[in-house]
Amino acid sequence: MPKNSKVVKRELDDEVIESVKDLLSNEDSSDDAFKKSELMVDDQEEKDVDVEEGSDVEDERPAWNSKLQYILAQVGFSVGLGNVWRFPYLCQKNGGGAYLVPYLILLLIIGIPLFFLELAVGQRIRRGSIGVWNYISPKLGGIGFASCVVCFFVALYYNVIIGWSLFYFSQSFQHPLPWDQCPLVKNASHTFVEPECEKSSATTYYWYREALNISSSLSESGGLNWKMTICLLAAWVMVCLAMIKGIQSSGKIMYFSSLFPYVVLLCFLIRGLLLNGSVDGIRHMFTPKLEIMLEPKVWREAATQVFFALGLGFGGVIAFSSYNKRDNNCHFDAVLVSFINFFTSVLATLVVFAVLGFKANIINEKCVIQNSEKILKLLKMGNLSQDMIPHHINFSSITAEDYNLVYDIIQKVKEEQFDSLGLKSCQIEDELDKAVQGTGLAFIAFTEAMTHFPASPFWSVMFFLMLVNLGLGSMFGTIEGIITPIVDTFKVRKEILTVICCLVAFFIGLIFVQRSGNYFVTMFDDYSATLPLLIVVILENIAVIRIYGIDKFMEDLKDMLGFSPSQYYYYMWKYVSPFVLLCLLVASIVQMGLSPPGYNAWIEDSAMEEFHSYPTWGMIVCISLMVLAILPVPIVFMVRRCNLIDDSSGSLASVSYKRGRIIKEPVNLEGDNTSLIHGKSPSEVPSPNFGKNIYRKQTGSPTLDTAPNGRYGIGYLMADMPDMPESDL
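By the working numbering, the letter at position 509 of the sequence shown is numbered 610, and the numbering carries on one by one without gaps.
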């Protein structure tokens, strides 16, 4: 359809009916399809809301204020906590700098193509995930519902992590930081260090005992942790207030929530590079271990990280894209956001290992001092000869290099008795090889390193405020993946739905703020999203490429973008991406089968983590999470296949957003009319010519149905429609 169509000025009288031909009188005369369809115009108080002369004829769907706002929203959704505490761990574990090679390859094979696909279908059809897949094939409408269920599961525990960050943020406004030293316990006779803290560390003790007050097993609830309950409530209030007006409210917040983490990361990088030992950490990080890169496990973990880093399958990408103009260059957006995500991960990795290098250097210095004192004692006792110590060694100011020289000499000379001496090799690499991820990195390792920073409270405030913003950016996309499809499909008020969704999620989320809540977070993180999302994205690929048709889709993209996308995407979508996704699904199932289902429980007496298997009821919950997430797909398929519900007035109708109302139009699902070719979104697809009487009010007929509680104004203008034929797809 030609762009920038004009609407002729018109006067409205009671029950005046104008055809689309009249409304689009300035359109190209060759567009016969539009001239055949007619539209009823409601005249009640509509004179002030009709499209003004000279404005574009487009759906009055909420839109982004600017392209920058949209890009920041997509970046905020894709760049999350995983970029800070998951990617550095994988990079260290899987070959250092060599890990970037499989990651980049898989980003080009499955990441960018599938991200581009979701952006394109959302922008073209301009609906949430439910509406998009209903439009392409009603039988696959369950894909959208499955995305909503997964989004809800993830939102439940993801906001708990934001609550944890809020707690640490609130505790950072004091000097010294409360996790700087182990607490002292007083009794009647003397004062001593808390045993649990003495056996572990100050930051570990604070995390498990002061913050979580964790129980010793999943089955031991221990009641609610009131501090974390308040933080969880605060997190949900923040999300609710930001999302209650949709992108009109959350879009403005994106300017801060998406950009602030980059300011903090750059500040941490500059500060980290000035710290002693930071270069050792970065060098260790990016030293490639090429032999590890060839292991299949590395490629599987890289593919999984690419998949989840971009938020594929959640529905948030589709929801955000649906608010774009139809001629937006979504290909550019896909490439830009994907590489911003990648470089953010690399930047976060630099920051993490610069700080961990500094921490390792401090621990290494303590190790050198302690073991040098042991050597001096052994020399005084006569267990070691002074002759084996080089003359230039001064134990009062010994360096790590000198200590390792003495250590090697003693090890060679006292080879048989060496183990009994109790000396340790103080190598900074040994400390850096201790892989840490997730909460262990953010709330234990990183917090410990920050206690050694000058002005440590300032850096702690900045760090946890960054985590809060990273989490909120991802939460906005996750909640949008729930709200937008439901609003589009069921026409409920967005404000009411948002409040209800947040309230329900908060009350369900109370299971995560019990003393055993951390174990439930682990359970949901492991089982609620991984397999269901893989299945969802595989079905998305099949729906667009096989059912809708790859050739039709490429034509749609050409019409929408103004140029033909590279044939690279054709072959990726049709052959490579489905194959890689299937391999990843099989590998994930095998990995899940080989790994014993369980969790790491914190044992107070030993002050250590201990692996526990899930109890029987825990296994039932794990399986139920996966089944419930994917269950909508077969249910909707069978319902549509067996015609168990009437689709004539439901989701098979496209919805056009107009000023103050919604106009429903029946969609012809036969032949090429299901195609998006020629630049028509669902609201622009020509209506089937069943006869003009379906659009006209019969004399004496009752007024058309209206819904006074609509999100978009005074109600919905709808016409009774005859039974629609089910899609032949």
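Note that beta-carbon positions come from the ideal geometry of N, C-alpha and C, so glycine has one too.
Alpha carbon to alpha carbon, what distance is there between residue j and residue i?
{"i": "Ile583", "j": "Asn472", "result": "57 Å"}
{"i": "Thr304", "j": "Cys252", "result": "32 Å"}
{"i": "Ala218", "j": "Ser379", "result": "Just to set this straight, residue 218 is Leu in the shown sequence, not Ala. Going by the C-alpha atoms only, they are around 41 Å apart."}
{"i": "Leu242", "j": "Phe621", "result": "The displayed chain sequence assigns Gly, not Leu, to residue 242. Looking at the two C-alpha atoms, the distance is approximately 30 Å."}
{"i": "Pro362", "j": "Cys368", "result": "10 Å"}
{"i": "Phe421", "j": "Leu370", "result": "31 Å"}
{"i": "Arg266", "j": "Gln224", "result": "What sits at residue 266 in the sequence shown is Ser, not Arg. Roughly 34 Å between the two C-alpha positions."}
{"i": "His713", "j": "Gly264", "result": "26 Å"}
{"i": "Leu533", "j": "Phe459", "result": "10 Å"}
{"i": "Ala164", "j": "Arg401", "result": "38 Å"}
{"i": "Leu457", "j": "Gly412", "result": "28 Å"}
{"i": "Ala556", "j": "Val722", "result": "45 Å"}
{"i": "Leu546", "j": "Ile244", "result": "Here the sequence assigns Ala to residue 546, which means Leu is not the residue at that position. So the alpha carbons of these two residues sit roughly 40 Å apart."}
{"i": "Leu391", "j": "Asn195", "result": "9 Å"}
{"i": "Met102", "j": "Val222", "result": "With a pLDDT of only 43 at Met102, under 50, the local geometry of the prediction cannot be trusted, and the value read off the model is given with reservation. Taking the straight line from one Cα to the other gives about 18 Å."}
{"i": "Ala336", "j": "Ile393", "result": "40 Å"}
{"i": "Leu208", "j": "Leu376", "result": "33 Å"}
{"i": "Glu295", "j": "Gln518", "result": "35 Å"}
{"i": "Met709", "j": "Tyr306", "result": "10 Å"}
{"i": "Asn484", "j": "Lys515", "result": "10 Å"}
{"i": "Ile58", "j": "Pro679", "result": "Because the chain here runs from 102 to 830, residue 58 falls outside it and cannot be looked at."}
{"i": "Glu396", "j": "Tyr236", "result": "42 Å"}
{"i": "Ile724", "j": "Tyr628", "result": "8 Å"}
{"i": "Lys535", "j": "His385", "result": "12 Å"}
In or out: residue i buried (at least 16 other Cβ within 10 Å) or exposed?
{"i": "Val645", "result": "buried"}
{"i": "Met739", "result": "exposed"}
{"i": "Asn495", "result": "exposed"}
{"i": "Ala435", "result": "buried"}
{"i": "Ile654", "result": "What sits at residue 654 in the sequence shown is Phe, not Ile. With 16 or more Cβ atoms within 10 Å of its Cβ, Phe654 is classed as buried."}
{"i": "Leu333", "result": "buried"}
{"i": "Thr717", "result": "exposed"}
{"i": "Thr445", "result": "buried"}
{"i": "Ile763", "result": "Because Ile763 carries a pLDDT of 36, less than 50, the predicted location of this residue cannot be relied on, and no value is offered for it."}
{"i": "Cys743", "result": "exposed"}
{"i": "Phe577", "result": "buried"}
{"i": "Phe591", "result": "exposed"}
{"i": "Leu573", "result": "buried"}
{"i": "Lys240", "result": "buried"}
{"i": "Met489", "result": "exposed"}
{"i": "Met497", "result": "Correcting the residue type first, residue 497 is Ser in the shown sequence and not Met. Result: exposed."}
{"i": "Asp589", "result": "buried"}
{"i": "Glu530", "result": "exposed"}
{"i": "Tyr504", "result": "buried"}
Could you check where the beta strand (DSSP E) with residue i kicks off and where it finishes?
{"i": "Ser179", "result": "Segment Lys168 to Ser179 is the alpha helix (DSSP H) holding Ser179; no beta strand (DSSP E) there."}
{"i": "His385", "result": "Run containing His385: none in the beta strand (DSSP E); it sits in the alpha helix (DSSP H), Ser379 to Phe387."}
{"i": "Ala256", "result": "Looking at the DSSP string, Ala256 is not in any beta strand (DSSP E); the run it does join, the alpha helix (DSSP H), is Gly243 to Ser271."}
{"i": "Thr292", "result": "Thr292 to Val294"}
{"i": "Gly572", "result": "Unbroken run through Gly572 is the alpha helix (DSSP H), Ser557 to Phe591; no beta strand (DSSP E)."}
{"i": "Lys287", "result": "Leu285 to Lys287"}
What first and last residue would you give for the alpha helix (DSSP H) that runs through residue i?
{"i": "Val365", "result": "Phe361 to Leu374"}
{"i": "Val638", "result": "Thr631 to Ile643"}
{"i": "Phe506", "result": "Sequence check: residue 506 is Leu here, not Phe. Run containing Leu506: Ala501 to Val514, per the alpha helix (DSSP H) assignment."}
{"i": "Ala221", "result": "Ile213 to Ile226"}
{"i": "Met394", "result": "Leu391 to Met394"}
{"i": "Lys525", "result": "Where Lys525 is concerned, there is no enclosing alpha helix (DSSP H), given that its DSSP letter is neither H nor E."}
{"i": "Val614", "result": "Note, Val614: premise wrong, no alpha helix (DSSP H); not H, not E."}
{"i": "Thr405", "result": "Pro397 to Ala410"}
{"i": "Cys743", "result": "Segment: none, Cys743 is in no alpha helix (DSSP H) and carries neither H nor E."}
{"i": "Pro203", "result": "Leu201 to Leu207"}
{"i": "Asn895", "result": "One cannot answer for residue 895 here, as it falls past the ends of the chain, which runs 102 to 830."}
{"i": "Asn484", "result": "Per DSSP, Asn484 belongs to no alpha helix (DSSP H) and is neither H nor E."}
Verify the contact flag: residue i, CB atom, against every heavy atom of the ligand COA, threshold strictly below 8 Å.
{"i": "Tyr171", "result": "Among the components modelled here there is no ligand, and therefore nothing to report on the ligand COA."}
Could you tell me which uninterrupted beta strand (DSSP E) segments, each at least 3 residues in length, are contained entirely in the segment 412 to 460, listed from first to last along the chain?
Taken in chain order, the segment 412 to 460 contains no complete beta strand (DSSP E) segment of 3 residues or longer.
Curious, which full-length alpha helix (DSSP H) runs of at least 4 residues does the segment 310 to 355 contain?
327 to 344
Count the CB pairs spanning the segment 353 to 360 and the segment 420 to 434 that are closer than 8 Å, and state whether there are at least three.
no
Which parts of the segment 657 to 736 are runs of the alpha helix (DSSP H), unbroken and 4 residues or longer, counting only runs that do not cross its ends?
668 to 672, 678 to 695 and 717 to 731
Would the segment 171 to 188 count as touching the segment 445 to 456 if we require 3 or more Cβ pairs under 8 Å?
Judged by Cβ distances under 8 Å, the segment 171 to 188 makes contact with the segment 445 to 456, as three or more pairs qualify.
Check whether the segment 506 to 519 and the segment 473 to 491 touch, using three or more Cβ-Cβ pairs below 8 Å as the test.
yes
Any 3 or more C-beta pairs closer than 8 Å across the segment 682 to 689 and the segment 285 to 300:
no
So, do the segment 610 to 628 and the segment 315 to 326 have three or more beta carbon pairs nearer to each other than 8 Å?
yes
With three or more C-beta pairs closer than 8 Å as the rule, is the segment 337 to 351 touching the segment 594 to 602?
yes
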